[in-house]
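Down below is the structure, laid out as structure tokens.
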Amino acid sequence: MSSFKRGARMRVGGRIGRLDKTRLPTPTPPSPPPQEWEDLNDTEEEDPEELVPNSSDEEQSEEPEVQPEVPPAVPEDQAAAQGQDGGQAQQQQNENEDRWNESVHRWFDYPLPFPRMLREALVRLRLGHAWVTYVGTRYRHRIYQEEWAMAVQISVLDEYGARRDIALSYAPALRHNYEAAISDAAQEALTTLCYSCHSQLADGTLRYLPRRQPGGLDAWIVTPTAEKNPRLEAIVDYLVALNTDYNALAEELCTAKLEISRLRAQITPSMPLFNPVYYPPRKRVRYNDPTARTYIRHP
Numbered sequence: 001m002s003s004f005k006r007g008a009r010m011r012v013g014g015r016i017g018r019l020d021k022t023r024l025p026t027p028t029p030p031s032p033p034p035q036e037w038e039d040l041n042d043t044e045e046e047d048p049e050e051l052v053p054n055s056s057d058e059e060q061s062e063e064p065e066v067q068p069e070v071p072p073a074v075p076e077d078q079a080a081a082q083g084q085d086g087g088q089a090q091q092q093q094n095e096n097e098d099r100w101n102e103s104v105h106r107w108f109d110y111p112l113p114f115p116r117m118l119r120e121a122l123v124r125l126r127l128g129h130a131w132v133t134y135v136g137t138r139y140r141h142r143i144y145q146e147e148w149a150m151a152v153q154i155s156v157l158d159e160y161g162a163r164r165d166i167a168l169s170y171a172p173a174l175r176h177n178y179e180a181a182i183s184d185a186a187q188e189a190l191t192t193l194c195y196s197c198h199s200q201l202a203d204g205t206l207r208y209l210p211r212r213q214p215g216g217l218d219a220w221i222v223t224p225t226a227e228k229n230p231r232l233e234a235i236v237d238y239l240v241a242l243n244t245d246y247n248a249l250a251e252e253l254c255t256a257k258l259e260i261s262r263l264r265a266q267i268t269p270s271m272p273l274f275n276p277v278y279y280p281p282r283k284r285v286r287y288n289d290p291t292a293r294t295y296i297r298h299p
């Protein structure tokens, strides 16, 4: 039984082998896909990390480390001269910082009450064509508050076509604000103009404004007593007292500014004495002095 199976298996195997050799086509292996020339040569895979060069490694490997150059030693006499020059430059810089910086500014007919009344007075005097120029000097310091010195110039054209100053007035004291300085200068010009031209202003409302001589502190106000108006008389009395106090305070402010300037010059020796010159000068009087009061004058 076992031998029969073995013979049959051998016959079957031989028949199948003969059929494969005679009838079945010989299988051909598949052709490989076409490859580029570079792929055929490069058989090894490239590491992606090797494709990115390390810039730090190249720089360290290519560029040698540069040692800082040591400057040559400076001779002792030259070093002393440089130190002396540096000390002088620093001292000059400190002196420049301790000085007051000045700058000049100009305005024409500033819109404030006293400048408007000054222009009205010039029109009444037939000087409407006159130039009213407010010349302000601004003083600035690195640690102190700025100061303004103001002057007002009234000029007209002469027969030769040139400008000629017919009036010049100064603010009585320095102010921290230029508008306050302009108002003070215009008030000074208005009161002195009402004094010097009171006859030409006698037929208008400007005759009731305070009048004062240039450089003086005594002034007077014309009151309309013929009208018998109690309210107007009370206002005039109040204005008389107020104008007297204003003149006294302006004089005290001038004295205080000068004293502050002297103290600053003592603290900082390199700082010059800050004392702008005013024209005309005011006389020194005490408060409620008869020569420093405002009076009522009847027409």
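With full-length UniProt numbering, letter number 260 in the sequence shown gets 260, and the count goes up by one each step, no holes. By construction, the Cβ of each residue, glycine as well, lies at the ideal position given by its N, Cα and C atoms. This structure is a prediction, so every number in the text was calculated from the model and none was measured.
Residue i - DSSP class collapsed to helix/strand/coil
i, result
"E146", "coil"
"Q200", "coil"
"A219", "strand"
"R158", "Here residue 158 turns out to be Asp, not Arg, going by the sequence shown. D158 falls in the coil class under three-state DSSP."
"Q213", "coil"
"R231", "helix"
"R126", "coil"
Residues sharing a beta bridge with residue i, DSSP
i, result
"F108", "T133"
"E102", "Y139"
"V152", "Y134, S169"
"R163", "L157"
"I296", "I221"
"R175", "W148"
Spatial distance of residue i from residue j (CA atoms)
i, j, result
"L206", "L190", "10 Å"
"L193", "M150", "17 Å"
"Y178", "V236", "29 Å"
"residue 328", "A265", "Here the chain has residues from 1 to 299 only, and residue 328 is not among them."
"V135", "V240", "30 Å"
"Y195", "H141", "38 Å"
"W148", "K228", "43 Å"
"R175", "L242", "20 Å"
"Q145", "R106", "21 Å"
"V132", "E159", "19 Å"
"R99", "R164", "34 Å"
"I267", "F108", "39 Å"
"A162", "I143", "42 Å"
"A180", "Q213", "22 Å"
"R231", "Y208", "15 Å"
"A234", "L157", "43 Å"
"S155", "A130", "6 Å"
"I260", "L253", "10 Å"
"T137", "Y246", "23 Å"
"Y110", "G216", "26 Å"
"V277", "Y139", "Caution applies to V277, whose pLDDT of 49 falls short of 50 and renders its modelled position unreliable; the value that the coordinates give is listed next. If I take the Cα positions, the gap works out to 14 Å."
"R126", "Y238", "32 Å"
Residue i, buried or exposed, once every other Cβ within 10 Å from all chains shown has been counted against 16
i, result
"T255", "exposed"
"E102", "exposed"
"Q187", "buried"
"Q153", "buried"
"I166", "exposed"
"V104", "exposed"
"E251", "buried"
"L263", "exposed"
Close beta carbons around residue i, own chain, < 8 Å, minus the five adjacent residues each side
i, result
"R124", "Q200, L201, G204, L206"
"S183", "L112, P113, F114, P115"
"R297", "W220, I221, V222, T223"
"L118", "V132, V152, A186, A189, L190, L193"
"A173", "D184, A250, L253, C254, K257"
"E120", "L206"
Proximity test, Cβ basis, 8 Å: residue i and chain D
i, result
"G128", "This model lacks chain D altogether, as it is built from one protein chain only."
Residues of its chain near residue i, where Cβ-Cβ distance is below 7 Å and the 5 sequence neighbours each way are ignored
i, result
"R293", "D218, T244"
"A185", "Y134, M150, A151, V152, S169, Y170, A171"
"R211", "T191, C194, Y195, H198, A219, W220"
"G128", "L122"
Residue i beta carbon near the ligand FMN (any heavy atom closer than 7 Å)
i, result
"H198", "This structure does not include the ligand FMN; it has no bound ligands of any sort."
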